[in-house]
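Counting in the working numbering, the final residue of the sequence shown is number 1399, and the numbers go up one at a time with none missing.
Heads up: the structure comes next, in structure tokens.
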Amino acid sequence: MDIKYIGFFDHVSNAREGRAHALSAASKMEYIADALNRLGHRVLIISPSQTKHRRYFPGHTRQLTPMTWLRVFPTYPRGTIAQRLLRVVAGKIFLLAYLLRNTRAGEPVLVYHSLDIQEVVLVAKVLRRFRLILEVEEIYQDVVNTSRWKRKTEYALFGKADAFIFSTELLDEKLNTGGKPHAVVYGTYKRPEQTGKSTNDGRTHVVYAGTLDPRKGGAAAAAAAAAYLDGSFHIHILGFGSDSDIAAMKRAVSRVSSANAGLVSFDGVLRGKEYSKFLRQCDVGLSTQNPSAEFNDSSFPSKILSYLAHGLKVVTVRIPAIERSRIAPAVTFYDHQEPPEIAEAIREAVSSRARDNIALIEQLDIEFMSSLARLVEAVKSQGGCR
């Protein structure tokens, strides 16, 4: 394999094992692996993901595409506290052992940054001296409360990286003070198989797709905006979260629906082709989240790219990561996380002139391919690889 790619990943072909992973992360990893394939590199994705089921699954390697393979490790059942601890420890041991046995000095290794495996990556990097390309989506200590050790280790890993793939220009400015090789990719620059609205019932369909986590505040704000829209609008909430998050969202939707003319519905979680088909029924995509959160300075909401790729107009909170990005001219901003202001931005987006957002996505893909090619060549030349 030309490039090893480490991250919490699973594939639909391995769905029976129920290995835990974030859909957004897996989607972006698939896109970057495909980009490397298009540059002529074979990719081995190495995933330490553990099963969510109460049974054991062995490790194995399977081919996903003509140039991409997936390697997963043995995974123990989810159950008691002791079993959960065993799963965590075993997963890290399997990953470390694999890296110590199968990497060599100077070879490029791409890692999707995660607090859960950062110590393993640091140890393997020091012992095997491979060239670390670190994919940084966000600075996690800005997002979650974590220990002092985790915070120090996160920045230690940033310092050990030989190159970066960032999700925003702001992350490059903040972390890449040494001017190391880097590329910026906001998310998945992938055009769907079909574009154009697939239904027309006379309503303007608005969609929020993302987490239901109340700390992010996006889903609740999107639902509340329906109270300030008339019956010609329908806001759809597509989201994932805990059982309590889902129950709270259903209650919020019920309250708004019973009290106002504007329509709002919770449509569950959709994936793959079903998700794409749903987006093609919509006109406007919402990226609503708490504008005062620390992670807004560096984290890019990848859902925006999905909206643009499906031809939707986009309404988003004004945050630095978006305002300073290449897609800023293609979206409608609002400034305060208030339902009336979100509703007004939706109306403004609907009345704005149409843009060729798909062409923008295609151009971003071309530019990323070029910067990724330069990054890989720079890393290989540093490591003495051919």
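We put the beta carbon where it would ideally sit given N, CA and C, even for glycine.
Put P965 into one of helix, strand or coil per three-state DSSP.
As shown, the chain starts at 1014 and ends at 1399. That puts residue 965 outside it, with no answer to give.
If you compare alpha carbons, which of K1326, R1067, K1163 and D1296 is closest to A1033?
When K1326, R1067, K1163 and D1296 are compared, the shortest CA-CA separation from A1033 is found for R1067.
Alpha helix (DSSP H) runs wholly inside the segment 1210–1265, at least 4 long, in chain order:
List check, alpha helix (DSSP H) in window: 1231–1238.
Out of A1176, I1152, D1175 and I1106, which has the shortest C-alpha to C-alpha gap to K1165?
Nearest C-alpha to K1165: I1152.
So what's K1017 in DSSP terms, helix, strand or just coil?
Under the three-state reduction of DSSP output, K1017 falls in the strand class.
Give the range of the alpha helix (DSSP H) segment to which Q1131 is assigned.
Membership of Q1131 in the alpha helix (DSSP H) is indicated by the continuous run Q1131 to R1141.
Residues bridged to W1082 [DSSP beta-bridge criterion]:
For W1082, the beta-bridge partners assigned by DSSP are L1057 and Q1076.
Since I1445 is in the beta strand (DSSP E), which residue starts that stretch and which ends it?
Because the chain here runs from 1014 to 1399, residue 1445 falls outside it and cannot be looked at.
By Cβ distance, which residues of its chain are closer than 6 Å to V1363, with the 5 residues on each side in sequence left out?
Excluding sequence neighbours, V1363 sits near T1217.
Distance CB(V1149)-CB(L1184) smaller than 8 Å:
Cβ distance < 8 Å, so V1149 and L1184 count as in contact.
Among D1129, T1201, L1318 and V1327, which one has its Cα closest to the Cα of G1104?
When each option's Cα is compared against that of G1104, the closest is D1129.
Would DSSP call K1163 helix, strand or coil?
Look at K1163 here: in three-state DSSP terms it is helix.
Near S1040, which residues of its chain fall below 7 Å by C-beta distance, leaving aside the five closest residues on each side in sequence?
These residues qualify, in order along the chain: T1201.
Neighbourhood of Q1131 by C-beta distance below 7 Å, restricted to the same chain and skipping five residues each side:
Residues of the same chain with a CB within less than 7 Å of the CB of Q1131, apart from the 5 flanking positions on each side, are T1166, E1167 and L1170 in chain order.
Which residue comes first and which comes last in the alpha helix (DSSP H) that contains R1360?
Bounds of the alpha helix (DSSP H) holding R1360 are P1352 to S1364.
Among E1120, I1248, A1334 and S1037, which one has its Cα closest to the Cα of S1305?
For the residues E1120, I1248, A1334 and S1037, the minimum Cα distance to S1305 belongs to A1334.
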